[in-house]
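K.L.:
First, the structure itself, so that you have it in front of you.
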Amino acid sequence: MLDYIYQAGWSGLMNSVAAAIVVFGVRAVFVLRKKRVIPYIWGLVFLAALCPVGILKFMDQGYVVEALLGSSVKFYFFLLWEGVAALLILWNFYECRKRRWKSLECEKLDENIFIMKGIKKAKVCGFFRPVIYLPEGLDEQVRKEVLKRKHRLIDSGGQKLTVAASVITFLYWFNPVLWLSLYYMKEDLKRL
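Going by our numbering, the first residue of the sequence shown is number 9, and it counts up by one from there.
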């Protein structure tokens with residue numbers, strides 16, 4: 009069972025690298041032509057990371073994982089891998105819950121819009137019922153613009169894509185390509 013998990017992890021790593029090269033290329037063409045970048049193409053990188061079958065067959069050899077880890081430490085590496093992933097997911101869930109708990113003390117603008125003390129920029133939190141948190145001290149014009157942009161993010165499904173991509177990145181926390189893709193996806197979603 010561990011051999012299959014490691015093989016799927018290695019395939020996901022290689023698949024995400026191949027997909028990221030393609031997506032970075034497409035993004036570069038859009039940026040050079042001064043066109044709006046489509047942030048949803050980043051979803052291909054995260055879907056490729058979940059694919060257990062290798063796209064690049066020449067790099068998808070079973071002995072690579074065996075050579076990197078050795079047979080005696082596979083179980084301990086698995087515990088480390090999934091332990092860190094579980095901690096990252098639980099920490100993110102805790103941070104979202106903490107904001108929800110603090111929202112009881114915040115000024116409520118609308119059903120899912122709160123003005124929160126102590127934050128520097130507006131945030132959207134949640135998957136099924138996203139909540140918008142605004143920093144205090146924004147003037148009316150800036151607040152309307154920020155709310156418009158955050159509602160556009162929620163309505164377009166960008167928040168759900170961000171949450172799903174974050175969970176996949178946390179599962180493959182050792183893959184720097186996914187962290188970089190998550191960063192650029194969030195930057196592209198800001199420009200919607």
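Every residue gets a Cβ at the ideal spot worked out from N, C-alpha and C, and that includes glycine.
Skipping 5 residues on each side, what residues in its chain have a beta carbon closer than 7 Å to that of V34?
P.N.:
Only I49 meet the Cβ criterion.
K.L.:
By the three-class DSSP mapping on this structure, what secondary structure does V81 have?
P.N.:
Correct three-state label for V81: coil.
K.L.:
Taking 6 Å as the cut-off, is the CB of A27 close to at least one heavy atom of the ligand NAD?
P.N.:
Although the ligand NAD was asked about, the structure shown includes no ligands whatsoever.
K.L.:
Whether or not the segment 83 to 99 and the segment 119 to 130 are in contact is what I'm after, with contact meaning three or more pairs of Cβ atoms, one per stretch, closer than 8 Å; do they touch?
P.N.:
At 8 Å Cβ cutoff, the stretches do not touch.
K.L.:
Among the residues of its own chain, which have a CB less than 6 Å from the CB of L21, if the five just before and after it don't count?
P.N.:
Only N183 meet the Cβ criterion.
K.L.:
Under the rule that 16 or more other beta-carbon atoms within 10 Å means buried, what is P47, buried or exposed?
P.N.:
Buried, since its Cβ has 16 or more Cβ neighbours within 10 Å.
K.L.:
With DSSP collapsed to three states, give me the class of K125.
P.N.:
Here K125 sits in coil by DSSP.
K.L.:
Taking I140 as part of the beta strand (DSSP E), name the residues at either end of that continuous run.
P.N.:
Here the beta strand (DSSP E) through I140 covers V139 to P143.
K.L.:
Using the Cα positions of C114 and I140, report the straight-line distance between them to the nearest angstrom.
P.N.:
Cα to Cα, the separation comes out at about 12 Å.
K.L.:
Taking the continuous alpha helix (DSSP H) assigned at E119, which residues delimit it?
P.N.:
Neither: E119 is in no alpha helix (DSSP H) and is coded neither H nor E.
K.L.:
For R115, write down the residues that DSSP places opposite it in a beta bridge.
P.N.:
It is Glu, not Arg, that sits at residue 115 in the sequence shown. Beta-bridge pairing links E115 to I123.
K.L.:
Return yes when the Cβ of P143 is within less than 7 Å of the Cβ of I127, no when it is not.
P.N.:
Closer than 7 Å, so yes.
K.L.:
Could you check whether L58 and V202 sit closer than 7 Å to each other, using their CB atoms as the reference points?
P.N.:
The structure shown does not extend to residue 202, since the chain is modelled only from 9 through 200, so no value can be given for it.
K.L.:
Helix, strand or coil for C133? Go by DSSP, reduced to three states.
P.N.:
In this structure, C133 counts as strand in the three-state DSSP scheme.
K.L.:
In whole angstroms, give me the CA-to-CA distance for L87 and H159.
P.N.:
Answer to the nearest angstrom: the Cα atoms are 40 Å apart.
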